[in-house]
Every structure is written in C-alpha cells, then in structure tokens.
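Residue numbers (my numbering): 325 to 613.
Report on the following structure.
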C-alpha cells in the first residue's frame with residue numbers, strides 16, 4: 325500500500341490520528357484501549373488551491389481537534405453527558421476571546437509602551453513590529469511552561485511525543501511496534517506547534533504593511549482581519565519546509581518550531597506509544613478497505 329500523508333493530535337489519555345479520508349481516536353482505559361473512528365467529508369476542489377487550502381485546513385483541524393478533545397474529556401470523566409454541546413461552544417468562545425487578548429492585544433500594547441518609551445522604536449516601524457512579534461513568542465513560551473506544571477498536561481505532552489514517534493516510524497516504512505517507534509524522534513516538522521511558531525514569525529512581516537499612523541484599535545482590528553492571510557502563508561511555508569526537509573536551509577528555518585516542540589513533546593512510555601499505534605493502524609486499515 326502506498327504511504328499516506330497522516331497527521332495527529334494528542335488528547336486526554338490518548339491520541340487522534342487522521343488520514344486523507346478518516347480519523348480515529350484511541351483512548352487508554354482501565355480495561356484496555358478504546359478506539360472510535362469517523363469518515364472525513366471530502367473537501368471541494370477550491371479548498372485544495374494553494375493559500376485557500378491553508379485556511380480550510382486550519383478550520384478543519386480545529387473542528388476535528390475540538391471534537392477529539394471533547395470525546396477524550398467525556399471518556400476521562402466516564403460520563404457521556406459530562407460536557408454538553410453548549411458547554412463546548414461556551415468554552416470555545418471564551419478560549420478564542422482569551423487567546424485574542426493574550427496573543428493580539430497584549431503584544432501590541434507592549435510594543436506601544438516601547439514606542440512611547442524609546443525614540444528608536446518610535447522612528448523605526450520594523451522594530452515596533454519585531455517587539456510585537458517577539459512578545460507573542462515569549463508569551464507563548466510562558467503559557468506552555470505554565471500549563472506544563474499540570475499533571476494532566478504532562479500526560480498529554482507524552483501522548484504528543486508518542487504521536488510523533490509513531491508517525492515518524494510509519495513514514496520511515498518500519499513496522500509499527502512499540503520497540504520500533506521508540507527509536508524515532510519525538511519531534512515532527514508538521515506539528516501544530518511548529519505551525520504556530522511560523523504564524524508568529526510571519527505576522528512580524530505582514531504587520532509591517534499596516535500604516536504606522538493608524539490608531540491602536542485600528543491596528544488591533546487589522547491584525548485580527550489579517551489572521552486568515554497569515555495562516556494561509558504559514559501553511560504554505562510549512563508544506564515547503566516538509567517537502568525540502570532534508571536541505572540545510574529548511575532545517576535552519578525549521579529550528580525555532582522544533583525548539584519549541586521540546587516544551588510540548590515529552591518522551592513517551594510504551595503505554596502511550598501503544599495507544600498512538602492503535603489509532604494510526606485503525607485509519608490505515610480503513611483506507612485499505
């Protein structure tokens with residue numbers, strides 16, 4: 325069977341894996357591993373066009389990711405009605421507002437403070453945007469370090485490492501066993517963490533085109549409106565880096581994302597790797613049938 329493009333996501337006590345046509349979620353339970361699967365809707369041709377596909381895939385990944393997290397949370401609580409649909413909607417809205425405040429409003433405010441405090445920042449709009457971008461990266465790292473103090477998040481990060489090891493093993497065309505997967509790297513170039521880092525870096529260059537004399541609120545509003553553009557460009561960059569991942573230039577450009585992955589991908593144990601293997605095997609079997 326031809327090697328398929330696969331991806332995944334760590335969830336609570338498990339791993340979600342997806343192939344071109346299916347996704348599966350495997351959760352470790354007391355009695356063993358429980359796996360469910362769903363068929364993915366086929367995207368229209370327009371959503372495969374470069375730059376348009378970036379926004380579509382981002383929305384699609386977020387939608388499936390939220391469903392996977394919701395399911396894993398229900399399984400962890402051992403109650404099917406533990407998190408209702410409207411709870412998930414409220415959580416999603418709150419998370420979005422919080423993220424916009426932390427990653428859009430606060431960095432711009434920090435850059436504005438530097439602008440008023442230092443003449444060089446006031447006179448050089450590129451430096452202003454570099455401060456804005458670097459503030460986002462620092463806040464992102466601090467956020468990861470803060471949540472990593474939680475025991476449950478540490479387990480999720482181990483499943484994240486397991487997801488990468490299993491995908492790397494599959495892409496190397498090796499048999500999917502715990503001993504084989506354990507030999508592979510816990511880092512992966514296509515990881516969502518790397519994508520976020522690329523988004524943060526690309527935003528520095530895109531925001532240069534926002535006129536300097538615009539008000540604070542106008543700059544904030546345009547930053548929000550430009551998110552789809554930044555996501556599209558970042559997605560295409562990520563695909564190019566993956567395509568030419570063996571080149572020195574691609575490895576150099578991938579370094580920031582891979583460094584951040586050291587904070588979000590822990591070395592997994594066999595029990596986490598086994599769950600990731602089960603999830604990947606399920607979608608591969610479905611693709612073959």
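Every residue gets a Cβ at the ideal spot worked out from N, C-alpha and C, and that includes glycine.
Predicted, not measured: the structure shown is a model, and the values here were computed from it.
Own chain, CB closer than 7 Å to residue i, minus 5 neighbours either side, in chain order
| i | result |
| --- | --- |
| residue 493 | 500, 504, 505, 508 |
| residue 338 | 349, 350, 351, 352, 396, 483, 599 |
| residue 463 | 426, 427, 430, 431 |
| residue 451 | 444, 445 |
Local Cβ density within 10 Å of residue i, reported as buried at 16 or more and exposed below that
| i | result |
| --- | --- |
| residue 355 | exposed |
| residue 474 | exposed |
| residue 441 | exposed |
| residue 573 | exposed |
| residue 490 | buried |
| residue 447 | exposed |
| residue 542 | exposed |
| residue 320 | Past the boundaries of the shown model lies residue 320; the chain is included only from 325 to 613, so the question cannot be answered. |
Simplified DSSP state of residue i, which is helix, strand or coil
| i | result |
| --- | --- |
| residue 648 | Examination of residue 648 is not possible in this model, given that the chain is present from 325 through 613 alone. |
| residue 506 | helix |
| residue 352 | strand |
| residue 336 | coil |
| residue 501 | coil |
| residue 467 | helix |
Residue i versus residue j - alpha carbon distance
| i | j | result |
| --- | --- | --- |
| residue 606 | residue 348 | 7 Å |
| residue 470 | residue 604 | 30 Å |
| residue 331 | residue 601 | 12 Å |
| residue 425 | residue 545 | 12 Å |
| residue 576 | residue 589 | 20 Å |
| residue 498 | residue 357 | 22 Å |
| residue 591 | residue 536 | 45 Å |
| residue 328 | residue 343 | 7 Å |
| residue 578 | residue 399 | 35 Å |
Any C-beta of chain C under 7 Å from that of residue i
| i | result |
| --- | --- |
| residue 519 | Chain labels in this structure do not include chain C; a single protein chain is all it has. |
Original post:
Between the region 484 to 493 and the region 566 to 583, do three or more beta carbon pairs fall short of 8 Å?
Top reply: No, because fewer than three Cβ pairs between the region 484 to 493 and the region 566 to 583 fall closer than 8 Å, the two stretches do not touch.
Subject >> Cβ contact (3+ pairs, closer than 8 Å) linking the region 380 to 394 and the region 426 to 441 >> reply: The answer is no - the region 426 to 441 does not touch the region 380 to 394, with fewer than three Cβ pairs under 8 Å.
Original post:
Is the region 526 to 536 touching the region 550 to 564 in the sense that three or more CB pairs, one from each, lie closer than 8 Å?
Top reply: Segments in contact, yes.
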